Amino acid sequence: MPVLEGTELRIVGFLCNWCSYGGADTAGVGRFKQPTDLRIIRVPCSGRIDPLFIVKAMMNGADGVLVSGCHPRDCHYSEGNFYARRRLEIIEKFLPILGYEPERFAYTWVSASEGQRWQEVVTSFTDQIHKLGPAPKILGPQASDTLSVMEAAL
Amino acid sequence: MKIGVFVCHCGSNIEATVDTAAVAAAARQFPGVAFATDTMYTCSEPGQDEIVAAIKEHNLGGVVVASCTPRMHEQTFRRTVERAGLNRYLFEMANIREHVSWIGKDREANTNKSIDLVRMATEKLTHNRPLYSKKFDINKRVLVIGGGVAGIQAALDCADGGLEVVMVEKTSTIGGKMAKLDKTFPTVDCSSCILGPRMVDVAQHPNITLYAYSEIEEINGYVGNFEIKVKKKATYVDWDLCTGCGICMEKCPSKKATDFFNEGIGKTTAINIPFPQAIPKKAKIDPAFCTKLTKGKCGVCAKVCPSGCINYEMQDEFITEKVGAIVTATGFDLFDWSVYGEYGGGRYPDVITGLQYERMLSASGPTGGHIKRPSDGKEPKNIVFIQCVGSRDKSVGRPYCTGFCCMYTAKQAILTKDHLPESQSYVFYMDIRAIGKLYDEFTRRAMEEYDTKYIRGRVSMIYPKGDKLLVRGADTLMGSQVEVDADLVVLAVGAEAAAGASKLAEKLRISYDTYGFYMEGHPKLKPVETNTAGVYLAGACQGPKDIPSSVAQGSAAAAKVLGLFSKDQLESDPQVSIVDIKRCIGCGKCIKTCPYGAIKETELRGMVKADVIETICQGCGICTSTCPQGAVQLQHFTDNQILSEVNALCQF
Amino acid sequence: MKFQEELKKCISDVMPELDVVIGWCASFDPLHATPHFMRRKEDIDKLEISPLSVHNLATYLPGLRGKKVGIVVKGCDSRSVVELLQENLIDRKDVTIFGFPCTGVVDQSKIKKALGHTGNVESCEMSDTALVIKMDDKTQTLAMAEMLADKCSSCRYPDAVISDYFAGEKIGNKGEKDVDYAAVEAFEKLSVPERFGYWLKELDRCIRCYACRNACPLCVCRDHCAAESRDPHWLSQENNVRDKLMFQVIHAYHLAGRCTECGECQRACPVDIPVLMFKQKMNQEIREIFQYEAGVDPEATPPLLSFKMEEENITEKVW
């Protein structure tokens, strides 16, 4: 059971090791209460995040994807988040054409010291996803597996 | 791969809100998991021994530990699995403390999330491969940025340890803030008497190269092999010739230059040596105030200089230095207290900072050690000290305690009585923070032996009344209003990160907090390391510190550098990118985006291919997400490893 | 075509210095052309340039690297050549480019739709305004304007943007102005479930033949395409609509800042899936955020391989 049915939605986070993963740790050390939906994947740098990971997560059934890296000019690898910003912006704008609300994806910058900011980001992003509800899901190998359910719902 | 899963209770840190036994039971059902258990303290010796024993008993090929953040104990457990004969990279961590048990109390949701994170870790582990380090040569020289007491300590310790040291100081003399102090607490010994000899040691040490009046322009490279571009700012004085005789200073007609060393108490000449004990004792021209440089008229200094060292055409000069490690000791600056309208916001000349007061107390200062009101030069009788100006004050964005102001205020109150036995000092304080050897005793002396009146409360207003300042505040212990007719008000202004600290951090690729103070590697266990290998912190650049703490950290940083350089070669991190030659089509996109120039073009049977220089690669993985066909893969964070995590979390 | 003879002469003059020249010639029936590899003088006679010259021949260039290659290009094709040059996948000194003024090529699926089927075409006469097709003992006239590919009706680059020889009178390139994304914008007006359902329905037809990729001049990974690789293992080999759609996203993202919208992907699709829209959307973003158009300047740095410290057109989320 990956998420708690009824209470949680599937939210995947990609966090850079140096800033945001540290920021999430700082939030934990500070006991800053957060919703439990988010699952964090640690990557060395936001520049390592292939935007296709985000699409892959969505198509595999995620309801939301959150990416966080170091603040611009503060990248541990000096330039990674600058590349990331362009790529993530592109994919954010691309998601709607696939049939996902653009609000299902967000990217932001949180430093290792910003535990409180991390708490705010997680809380407000989780709220945002809960407001949208579950994302459309591909339910089987054939289109009809999904379409019949979608039509029934309408 | 047979996987072992160890779910840590961390005492009650995890167990209180996560059912670790249930997590272990769920893990047993995951593909590949041959063994799973929950343990009390996995990082303890018995906990680690249990892992080693399980690897041997169950012939495990990889280990997952679900416990705290990998930023805490990944290295610990990598060594553990290595002890049992596994490659250190056949190990993954699931962070169920900082990311689960500490951020919510819902046991069901936490347990479920922990299971998910363990599943993700096991899936990734399945795709892990053994990785092996390579060795590379290092340059055993160290750069110390900043010549305050912390930098001096670090430089001397390194130099005494046999290392070549390059020290870069942005002002024209080393000594930093400590050189400006009259006396130090709690011993009340003369600051320049204890610092002076150490400054001379720096100048005379055969292993130390000092670049004063210089700044860091560029930093390239990596631990063991940094390349530093230093900008030597134009002093308009040839320092090879300057003897520091000071004749130029006597004769210079522009006598209205801001005296930065004396914190603006008094003026200096356009060509100046900041103070008599300056190291290096060399003159420099402050171009903003020199009429020769601004208007083209004058040239007196060039005429009087006996060694002919004045050069009005001098330009900034750039020097490249190669070092293997960097100690950052850039110190602090004072908070800009003029935001406090209630203290006059800078309009009243007789409201000064503690550091200005130090210069006034100093025998080598502009008043020759006499306490005089800046407005009329009179000796003050009633002196009010206000604490926590720009400290512990959220309203001005400085919620932290600077830590040393309580002590220096007590010292200044004591010194005031020594200088002016007839005077009366008042201290408005919030709390007295005198934690340190002999510190509390010292503040007691200020109160009891020196009759300083300590008033617990904030000052609400200062306004002029005749030639005096009326200081109105609250005494929260008495529950009454207090008014003092003050002749002089001294503000205990808090510390903030040095100007330009964040810019330098970007060049060093180290993190800094909201206030610009540099982040240490770990708040408890890595107080002098940063997240960038080979860059260490000393002194107040990491957070406000008094002299003994700064010196201690300077020595600690030096010890780290000496430890690093105790080996002739360093082991490279094998988490670098590797090119799959057969998949590479030689388009060079990775070469274009690599921030380190770590990828070069090579030729293989007439075809262009990319090739990663492993010692230069820092493992950011930008190349991997740039390459469309996935030919260049960052080891330990390959597409397949991340995809396996995505797939573990999102299973349709 | 008037310029055709001029072009043949051109090719004939340069041919001795080249290993091969790629153009088009007649195919299995009068309604189709096929890529034509000219190695000898007599091959040149078969060169035919017409509205049937649909193929983007730039697709062949990377595979012929190391050889001296001549290539005949339409305006749109030439932009693919520019991209390949920019990406160091071909060498400028080894490629000889022959340009001509292109007035548009047909969309075979439109003809098929108009005629019902195109199985027994006996002859096809073409003029500037019409196609006269003889089939099943009937002669049918189709308006050329209606049969042109969508990309041709809004063509901004009829002349090759880069060429060594240009036969005929240049029509004049309009450049980067007035780019029409009406189709994308209309699609975006649909509701979220409608858009989601649309792609599932369309992609359901996909037979995973990868003709879209094989025809794409910028799918330069060839044997190492992410679609069939196990390391990295982005897609399963199952017949499922998720992977089919994911592949289209991979294709579109890998083309971000590179795609010239030559439309070969959609043309090559045997089941007529409108896969070009993904790339059009990507291009629209690239244009709006970075003011960049691919395939114009071989010296340009594409936007995803560079950055600015301050991005003018990216507004980050405020929490």
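Protein chains in written order, with this note's numbering: chain R, 452 to 605; chain B, 15 to 666; chain D, 974 to 1292.
For each residue, glycine too, the CB sits at the ideal point set by N, CA and C.
Computed from a predicted model, the values in this text were never measured in an experiment.
Within the same chain, Cβ atoms closer than 7 Å to the Cβ of D/Ala1103 are found at Thr1114, Leu1115, Ala1116 and Met1117, the five residues on either side in sequence being excluded. Distances from the alpha-carbon of B/Phe199 to those of B/Tyr146, B/Thr423 and B/His650 put B/Thr423 closest. 9 Å or more divides the Cβ of B/Gly165 from the Cβ of B/Ala339. In chain order, Arg537 and Arg538 make up the part of chain R whose C-beta sits under 7 Å from the C-beta of D/Leu1277.
Against chain B, a Cβ distance below 9 Å from D/Ala1156 picks out nothing, because the smallest value is about 26 Å.
At a cut-off of 9 Å between C-beta atoms, B/Ser525 counts as an interface residue with respect to chain R.
A residue is called buried once 16 or more other Cβ atoms fall within 10 Å of its Cβ, and B/Lys431 is buried on that count. Of all residues in the region 1056–1068 of chain D, only Glu1060, Asn1061 and Leu1062 come within less than 8 Å of chain B when Cβ atoms are compared, listed by chain position. Looking only at B/Cys604, B/Ile242 and B/Ala570, the smallest Cα-Cα distance to B/Thr334 is reached by B/Ile242. Note that the region 344–364 of chain B does not touch the region 254–271 of chain B; fewer than 3 beta-carbon pairs, one per stretch, sit closer than 8 Å.
For B/Ser81, the three-state secondary structure derived from DSSP is strand.
Contact between the region 652–666 of chain B and the region 1203–1211 of chain D is established, with three or more Cβ pairs separated by less than 8 Å.
Of all residues in the region 604–628 of chain B, the ones placed with a Cβ closer than 8 Å to any Cβ belonging to chain D are Lys606, Thr607, Gly620 and Val622, in chain order. The three-state reading of DSSP puts D/Pro1166 in helix, counting H, G and I together. Residue B/Val202 holds the alpha-carbon nearest to the alpha-carbon of B/Glu372 among B/Val179, B/Glu628, B/Val202 and B/Gly611. Cβ neighbours of D/Val1078 within its own chain (closer than 8 Å, five residues either side excluded): Pro1024, Leu1025, Ser1026, Val1027, Lys1047, Leu1121, Ala1122 and Cys1125. If you look at B/Lys245, you'll find it in the beta strand (DSSP E) that goes Asn239 to Lys246. Interface flag for B/Pro642 against chain D is set, since a Cβ pair is found closer than 9 Å. In this structure, B/Ile400 is the residue among B/Ile400, B/Leu307 and B/Gly379 with its C-alpha nearest to the C-alpha of B/Lys467.
Remark: fewer than three beta-carbon pairs, one from each stretch, lie closer than 8 Å, so the region 531–545 of chain B and the region 169–185 of chain B are not flagged as touching. B/Leu74 is positioned such that its CB atom lies closer than 9 Å to that of B/Ala48. Using a Cβ-Cβ cut-off of 9 Å, B/Lys127 is close to Val454, Leu455, Glu459, Thr487, Asp488, Leu489 and Arg490 of chain R, given in chain order. Burial state of D/Cys1232 is buried, judged by a 10 Å Cβ sphere holding 16 or more other Cβ atoms.
Between the region 501–513 of chain B and the region 402–416 of chain B there are three or more inter-stretch CB-CB distances shorter than 8 Å, so the stretches are counted as touching.
Runs of alpha helix (DSSP H) with 4 or more residues, each lying fully within the region 1189–1243 of chain D, are found at 1214–1227 and 1237–1241, listed in chain order. CA-CA distance, D/Glu1161 to D/Tyr1171, rounds to 12 Å. Within the same chain, Glu585, Ser586, Asp587 and Pro588 come within 8 Å of B/Ser147 by CB-CB distance, once the 5 residues on both sides are set aside. Its chain contains Tyr1183, Arg1186 and Cys1192 as the residues whose beta carbon lies nearer than 8 Å to that of D/Cys1198, once the 5 sequence neighbours on both sides are disregarded; these appear in chain order. In this chain, the alpha helix (DSSP H) harbouring D/Ile984 covers Lys975 to Val987.
Counting along the chain, no beta strand (DSSP E) covers B/Ser639; the unbroken alpha helix (DSSP H) around it starts and ends at Ile636 to Thr640. Contact of B/Cys601 with chain D is assigned, a C-beta pair being separated by under 9 Å. Residues of chain R with a Cβ closer than 7 Å to the Cβ of D/Ile1223 are, in chain order, Leu503. With a threshold of 16 other beta carbon atoms within 10 Å, B/Pro220 falls short and is exposed. Boundaries of the beta strand (DSSP E) around B/Lys336: Glu331 to Val337. With contacts defined by Cβ atoms closer than 9 Å, R/Arg537 and D/Phe1280 form a contacting pair. Between R/Glu554 and R/Gln579, the gap from beta carbon to beta carbon is short of 9 Å.
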